[in-house]
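Worksheet for the structure shown next.
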Amino acid sequence: SIKSAVGLGVILYHGIGDTIRVSLTGNPVEEIKAARYILQTLGIRQSGIEVVSCPTCGRTKIDLIGLANQVETLAASYSNLKIKIAVMGCVVNGPGEAKEADIGIAGGDGCGVLIKHGEIVKKVEEDRLLEVLKEELDNWE
Numbered sequence: 030s031i032k033s034a035v036g037l038g039v040i041l042y043h044g045i046g047d048t049i050r051v052s053l054t055g056n057p058v059e060e061i062k063a064a065r066y067i068l069q070t071l072g073i074r075q076s077g078i079e080v081v082s083c084p085t086c087g088r089t090k091i092d093l094i095g096l097a098n099q100v101e102t103l104a105a106s107y108s109n110l111k112i113k114i115a116v117m118g119c120v121v122n123g124p125g126e127a128k129e130a131d132i133g134i135a136g137g138d139g140c141g142v143l144i145k146h147g148e149i150v151k152k153v154e155e156d157r158l159l160e161v162l163k164e165e166l167d168n169w170e
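Just so we're aligned, residue 30 is where the sequence shown starts under the numbering used here, counting upward by one.
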C-alpha cells in the first residue's frame, strides 16, 4: 500500500494518467479503498470524510487505535459530508494538531474534548467521545 501510494502519487501529482490500479493481498475491496484514499490525499478527488489521527506518544491514555477505527467506521455512513475529522490521543497537543480538521476529538485520562477548527468547544467523558462526535455529524451543516 505504501509502495502503491508513493508510485501513484508521484505520477498523479504531475498530471500523468487518468486510471489507477492498486494491488493488495487480501480483500479486493481494500484495493478500492486504498485507491480512493490516494486520490483524496492528493486532493484530486474528495469522497466522503477524511479521518486523520496522531501517531500516539507517552501522553496518550486512551485506546487511540481502537477509537480511530471506530471513527473510520462511523465516518463511512456520512459519505455526503466532505469534511476532515481528527482523532487525537491527548488534550495537550490534540487541539493544535487538529486545527486543519473541521472537527475532532481528543482523549485524556478519563475525559476528552470536542474540537472544531482547532478550538476546544466541549469537554466530555472519555466514553462519550464517539457519541458526541456522532451527534455533531448528525447536525453538520
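For each residue, glycine too, the CB sits at the ideal point set by N, CA and C.
Am I right that residue 67 and residue 114 are in contact with their C-beta atoms under 8 angstroms? What's the rounded C-beta distance? The C-beta separation of residue 67 from residue 114 comes to about 19 angstroms, leaving the pair out of contact by the 8 angstroms criterion.
Nearest residue (CA-CA) to residue 155, options 138, 88, 169: Per the Cα distances, 138.
How about the stretch 89–98 and the stretch 41–50: do they share at least three Cβ pairs that are nearer than 8 angstroms? Not touching, per the Cβ criterion.
From 161, 167, 124, 34, pick the residue whose C-alpha is nearest to that of residue 61; which is it? Answer by Cα proximity: 34.
Among the residues of its own chain, which have a CB less than 6 angstroms from the CB of residue 111, if the five just before and after it don't count? Only 75 meet the Cβ criterion.
Closest by CA to residue 64, which one among 136, 117, 119, 37? 37
Grouping DSSP H, G and I as helix and E and B as strand, with all else coil, what is residue 170? coil
Would you report the Cα separation of residue 144 and residue 159, rounded to the nearest angstrom? 13 angstroms
How big is the Cα-Cα spacing for residue 85 and residue 169? 28 angstroms
Residue interval of the alpha helix (DSSP H) (run including residue 73): Neither: residue 73 is in no alpha helix (DSSP H) and is coded neither H nor E.
Is the distance from the Cβ of residue 140 to the Cβ of residue 117 below 7 angstroms? No, they are not a contact pair.
Going by DSSP, name the residue or residues bridged to residue 115. 81, 133
What three-state label does DSSP hand residue 149 in the structure shown? strand
Under a three-way DSSP split, which group does residue 23 fall into? Since the first and last residues shown for the chain are 30 and 170, residue 23 lies out of range.
Can you tell me where the alpha helix (DSSP H) holding residue 98 begins and where it ends? Unbroken alpha helix (DSSP H) run through residue 98: 93–105.
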